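Quick notes on the structure that follows.
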Amino acid sequence: MSLHVDIRKEYEGFQLAVSFTSEGGTLGILGASGSGKSLTLKCIAGLVKPSEGVIKIGNRVVFDSSAGIDVPPQARGAGYLFQSYALFPHMSVRKNILAAVRDKKNANIEPLLARFELEELADRYPSEISGGQQQRVALARIFASEPEVLLLDEPFSALDSYLRENMQAQLVRTLSDYPGDAILVTHSRDEAFRICGNLLTVDGGRVLQSGKTQDVFAHPRNTVTARLTGCKNFSRLARSGDGRLVATDWGYELTGSFAGAQSATHIGIRARYFTEKEPAAAQAADYVSVPVEVTEVLSGVFEHTVLLRVRGADAASAKNEEANLWWICPVSTDVRQVKMLYAKKSDLLFMNDEF
Amino acid sequence: MNLDPILISLKTAAVAILLTFVIGTLLAYVVYKMKSRVLKSVLDAVLTLPLVLPPTVAGFFLLYIFGVYRPIGKLLGEIGVKLVFNWPATVVAAVVIALPLMYRSAKAAFLQVDEVYLQAARTIGMPERAIFVRILLPLARPGLASGGILAFSRGLGEFGATAMIAGNIPGLTRTMPLAIYSAVSGGNMEQAYTYVLILVLISLVFVLFLSLVLEERRTSSARLYARKRRRAP
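If you read the protein sequences in the order shown, they are chains G and P. The numbering used here applies: residue 1 is where the first sequence begins, and numbers increase by one. The numbering used here applies: residue 1001 is where the second sequence begins, and numbers increase by one.
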């Protein structure tokens, strides 16, 4: 089973132009709110009509503007999990699920009820069950319609954080039993990382980067993708006359040579990848060292979030918000004594925003 | 006291509300689903017109359409239906005058239903007709009910259009509002008082019922649906 999407859509002044192919497993679409990710799902499901393009579910063309094909949502075989779950409030759990069964005469939803642990709740109304239970009902209802592709629209945003982790584990199990493709739209990097084998990042209605989730997280190619995957520290890059790199926002000059830095416009580093421990002399060449001064410490339960600046950075960059460096370290660290931070050269992210 | 006007009024209002409810709800659905904005506005204006016109003007148009010498009236006459100045005319008058209330209430009720339920129904494969019957209508229920009660009450009180197209024939087309008018113009105040009292009482009952329905709408739908649940042992 595969899914191919190549569409353009103008929608209330917003331009969407996305193109991607999913070849099995769960594909994540990671983007901030308003980036066009939900709109993409609605186009696939047939709830919104793209201005032009092609959508293929499996071998079936369900939308092709040039051939005049626009299969109605009822016949697309796209199971849509809505953010609010959209359970029919006037129907019991059982009736909600039955509404999705096409062959009403031979309907047997007991296996579905059992699979989603809903036997006890079958005669309750949606308003009488918890958010997590509602999600299970919504999933059972989708599976009752025998979808070829699953579209999951921010499935955990309506749940509190405790329930969220439970439901994520449950969804991973459900998806691993499911033979078709699934697309999960989210703004949460944790959800994307835990659930999705492949990942797209989107912004302003465009695909920024796509690939294996691990690769996208390890090598974000632009600052927006890096930000979406959780990176907090960014600086523009400049090259001095003799070819050395300067992180201008931080007011920091890098020494040595760096792989992947040739065409980079920006440099970044994740807040957790700094360490205050000086590397052994043998490894020193693999590290950069940054002289810092601590400006603020926010203490959490397990870790400190530390705001720093490069020591000796000039006054111009000191006024710049981007000049702040974030460092997340265990609470056991004696933050106030830190004068120097180290980071592996291989952990530095080099990005190009001119695309 | 002559009970005829009361019986005629109730019979007319009862038949009229059945027609008004079905026609008004279906018209509202057609306009609700319509994609063309221009056509939508035009239909909306036409369907609202009887509400803003004086009922006598609406009655005038009805007479113009259904009059015995007009094409439609002639056609009806040939198949043996005598409409004008006959009891069915009271129904036609009540339906035309009450239709805008039903139509507008139903359309507002449909617009209030969260589209996500309809989208969900589509993606799980429910045909459009099933979505209308099993999702849209039940979720629009409070609005439809209040529209129905408003339309019934308006039909019960219909005077101007009825007088134009059905006349004021005792025992046939003389409804309560017409009976009150006749009683007053004939100086029979006793009788007028009685009919007024009865009409006020009936209307009060229905409007009270209406406000109870609206009250129910104000309580959250969650509680509304929870109440319907069978008591578990």
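By construction, the Cβ of each residue, glycine as well, lies at the ideal position given by its N, Cα and C atoms. Source: prediction; values computed, not measured.
- One finds Ala86, Leu87, Phe88, Pro89 in chain G with Cβ atoms closer than 9 Å to the Cβ of Tyr1117 (chain P), taken in chain order.
- Excluding five sequence positions before and after Asp353 (chain G), the CB atoms of its chain that fall closer than 7 Å to its own CB belong to Asn222, Thr223, Thr265, His266, given in chain order.
- For Lys56 (chain G), the enclosing beta strand (DSSP E) has its first and last residue at 52-57.
- Taken through DSSP and simplified to helix, strand or coil, Gly251 (chain G) comes out as coil.
- For Met1126 (chain P), the C-beta contacts it makes with chain G under 8 Å involve Gln74, Ala99, Ala100, in order along the chain.
- Counting other Cβ atoms within 10 Å of its Cβ, Ile69 (chain G) stays below 16 and is therefore classed as exposed.
- Relative to Lys1033 (chain P), the option among P:Thr1175, P:Gly1125, P:Ala1016, P:Glu1115 whose CA is nearest is P:Glu1115.
- One Cα belongs to Gly58 (chain G), the other to Gly180 (chain G), and the distance between them is close to 9 Å.
- Judged by DSSP secondary structure, Asn166 (chain G) falls within the alpha helix (DSSP H) whose first and last residues are 161-176.
- With a beta-carbon spacing of about 5 Å, Arg76 (chain G) and Gly46 (chain G) fall inside the 8 Å limit used to define contacts.
- Closest in alpha carbon position to Pro279 (chain G), among G:Ile195, G:Lys344, G:Thr225, G:Val338, is G:Lys344.
- At a cut-off of 8 Å between beta carbons, Leu1136 (chain P) makes no contact with chain G.
- Using a Cβ distance threshold of 8 Å, Val306 (chain G) and Val290 (chain G) do not count as a contacting pair.
- DSSP places Arg1129 (chain P) inside the alpha helix (DSSP H), whose first and last residues are 1128-1131.
- By the neighbour-count criterion, in which a residue is buried when 16 or more other Cβ atoms sit within 10 angstroms of its Cβ, Ala1098 (chain P) is buried.
- Segment contact: the stretch 1086-1097 of chain P against the stretch 1119-1134 of chain P, fewer than three CB-CB distances shorter than 8 Å; contact not assigned.
- The C-beta distance from Met1102 (chain P) to Gly1024 (chain P) rounds to 3 Å, short enough to meet the 8 Å contact threshold.
- Taken atom to atom, the span from the alpha-carbon of Asp1044 (chain P) to that of Val1031 (chain P) is near 7 Å.
- When C-beta atoms of the stretch 1167-1181 of chain P are compared with those of the stretch 1064-1073 of chain P, fewer than three pairs fall below 8 Å, so the two segments do not count as touching.
- Neighbours of Arg141 (chain G) in chain P, taken as residues at a C-beta separation under 9 Å, are given in chain order as Ala1120, Ile1124.
- When C-beta distances to chain P are compared with 7 Å, the residues of the stretch 41-52 of chain G below that value are Ala45, Leu47, in chain order.
- Contact with chain G is absent for Leu1144 (chain P), since none of that chain's Cβ atoms lies less than 8 Å from the residue's Cβ.
- Restricted to the stretch 1039-1106 of chain P, the alpha helix (DSSP H) segments that are unbroken, complete and at least 4 residues in length are 1055-1066, 1071-1078, listed in chain order.
- With a minimum length of 4 residues, the unbroken runs of alpha helix (DSSP H) contained wholly in the stretch 1158-1202 of chain P fall at 1160-1165, 1176-1185.
- In this structure Leu87 (chain G) is in contact with Val137 (chain G), their Cβ atoms being roughly 6 Å apart against a cut-off of 8 Å.
- Contact annotation for Tyr178 (chain G) against chain P: no contact, minimum CB-CB distance about 16 Å [criterion: below 8 Å].
- Restricting attention to G:Gly256, G:Ser127, G:Gly204, the CA atom closest to the CA of Met91 (chain G) is found in G:Ser127.
- For Gly1148 (chain P) and Leu1019 (chain P), the gap between their C-alpha atoms comes out near 11 Å.
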